[in-house]
């Protein structure tokens, strides 16, 4: 991760409240900017996913949809 200093990381994956959140904590400790693709993550239960995206992940970065991320990445011509 040290080679990525100053880069924004977009996180998604399985186990929103475990794997994604653990990665977010480590990345935050290293000073990375974080964005979470909320609809590209899941947890064992909907309640665990909801708790992670509303309570924990916003402390580390911005929670948004994959559609919003795609629109932000499209260059305007």
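Residue numbers (this note's numbering): 5 to 81.
For each residue, glycine too, the CB sits at the ideal point set by N, CA and C.
If you're wondering where the values come from, they're calculated on a predicted model, not measured in any experiment.
1. For residue 21, which residues from the same chain have a beta carbon less than 6 angstroms from its beta carbon, with the 5 sequence-adjacent residues on both sides left out?
2. If residue 31 sits next to residue 38, beta carbons under 8 angstroms apart, how far is it from one beta carbon to the other, in whole angstroms?
3. Given a threshold of 16 other Cβ atoms within 10 Å of its Cβ, counted over all protein chains shown, does residue 65 qualify as buried or as exposed?
4. Residue 29 lies in the alpha helix (DSSP H); which residues open and close that run?
5. Residue 19 by DSSP, collapsed to three states: which one?
6. Which residues does DSSP list as the beta-bridge partners of residue 40?
7. In this structure, how does DSSP classify residue 46 when only helix, strand and coil are distinguished?
On the basis of the coordinates in this document:
1. 47, 52, 56
2. 6 angstroms
3. buried
4. For residue 29, the uninterrupted alpha helix (DSSP H) run begins and ends at 25-33, by DSSP.
5. Three-state result, residue 19: coil.
6. 15, 67
7. strand
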